[in-house]
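Residues 0 to 166, numbered by numbering that gives the first Met the number 0, are exactly what the sequence shown covers, in order.
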Amino acid sequence: MRWMDFLAVEAIQPSLRARDSDSLLQELAGLLAPQAGVTAAVLAEHLRERERLGTTAMEGGVAIPHCRVEGVRRIVTCLGIHRGGLAFGEPEDGLVHLFVGMAAPPDTAGLHLNVLSRIAALLHDASLRGALLRTTTAEQAHTLLAQTEATLHPYPAPTTHRAILHR
């Protein structure tokens, strides 16, 4: 299983404009909605609910807001880059610059966690985070992520999850 199986170029925004957490979640929901099969408003509300449970901000200026929503066809992700950084949740080391949104069907708990783990593992690499911040287009960011992920140990999708990947 690769993160790139769940991230379309069209779901990458190299210059997020949000000024606060709420508008950030709305931007991410707007990136996810076309692939998820539910409205951006529905996704934004579920992302807000998830953040109320506890921040998804991590070290290194990364946050991974995620939710499971009835009606979502398959797991989808998006990537947003906030050039100036945004105070989001309670990051340990300041502002968040890299935001990965994720929406999943309710029946994909195991795969959902595997995808989150894969994303977190990739973005743990400070050099990759820095390179992403230097990209200026969605295509550049997608290519960088695909090339980086290709150099890592491959994770094939478990047989039980293949049908979910291709809904």
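Using N, Cα and C, we set each Cβ at its ideal position, and we do this for glycine too. Given the structure is predicted, the values throughout are model-derived calculations rather than measurements.
Hey, is the segment 103–111 in contact with the segment 66–77, meaning 3+ C-beta pairs nearer than 8 angstroms?
-> The answer is yes - the segment 66–77 touches the segment 103–111, with three or more Cβ pairs under 8 angstroms.
Distance between beta carbons of LEU85 and ALA17, contact taken as under 8 angstroms | Here ALA17 really is in contact with LEU85; their C-beta atoms are around 6 angstroms apart, less than 8 angstroms.
Mapping DSSP to helix, strand and coil, what is PHE98?
-> Three-state DSSP puts PHE98 in a strand.
Taking DSSP as the reference, what is the three-state secondary structure of LEU31?
-> In this structure, LEU31 counts as helix in the three-state DSSP scheme.
What are the start and end residues of the alpha helix (DSSP H) that includes VAL9?
-> It is worth fixing the name first, because residue 9 is Glu in this sequence and not Val. Per DSSP, GLU9 belongs to no alpha helix (DSSP H); it is in the beta strand (DSSP E), 6–12.
Can you check DSSP and say which residues form a bridge with VAL61?
-> According to DSSP, which records beta bridges pairwise, VAL61 is partnered with MET57, LEU97.
Can you tell me the Cβ-Cβ gap for VAL80 and HIS65, rounded? I've got them flagged as a contact below 8 angstroms.
-> Checking the sequence shown, residue 80 turns out to be Ile, not Val. About 18 angstroms separates the beta carbon of ILE80 from that of HIS65, a gap too long to meet the 8 angstroms contact definition.
Give the straight-line distance between the Cα atoms of ARG128 and THR142, rounded to the nearest whole angstrom.
-> Take the alpha-carbon of ARG128 and the one of THR142: they are about 14 angstroms apart.
Terminal residues of the continuous alpha helix (DSSP H) containing GLY169?
-> The first residue shown for the chain is 0 and the last is 166, placing residue 169 beyond what the model contains.
List the endpoints of the continuous alpha helix (DSSP H) containing LEU151.
-> Looking at the DSSP string, LEU151 is not in any alpha helix (DSSP H), and its letter there is neither H nor E.
Among LEU94, GLY88, LEU78, which one has its Cα closest to the Cα of THR135?
-> Minimum Cα distance to THR135 is reached at LEU78.
Please look up how many angstroms separate the CB atoms of TRP2 and VAL114, rounded, as I've assumed it's under 8 angstroms.
-> Yes, TRP2 and VAL114 are in contact; Cβ-Cβ is about 7 angstroms, under 8 angstroms.
Could you tell me whether the Cβ atoms of ARG121 and THR147 are closer together than 8 angstroms?
-> Residue 121 is actually Leu in this sequence, not Arg. Yes; because the gap between Cβ atoms is below 8 angstroms, this pair is in contact.
Residue from LEU27, ASP19, MET0 whose Cα sits closest to the Cα of ILE11 | Comparing Cα positions, the closest option is LEU27.
ARG117 (DSSP reduced to helix, strand or coil) | In this structure, ARG117 counts as helix in the three-state DSSP scheme.
Rounded C-alpha distance that separates ALA32 from THR38 = Roughly 6 angstroms between the two C-alpha positions.
First and last residue of the uninterrupted alpha helix (DSSP H) at ARG72 = First-last for ARG72: undefined, no H or E at that position.
For the alpha helix (DSSP H) holding VAL41, just list the boundary residues, first then last.
-> It spans 39–52 - the alpha helix (DSSP H) in which VAL41 sits, taken as one unbroken run.
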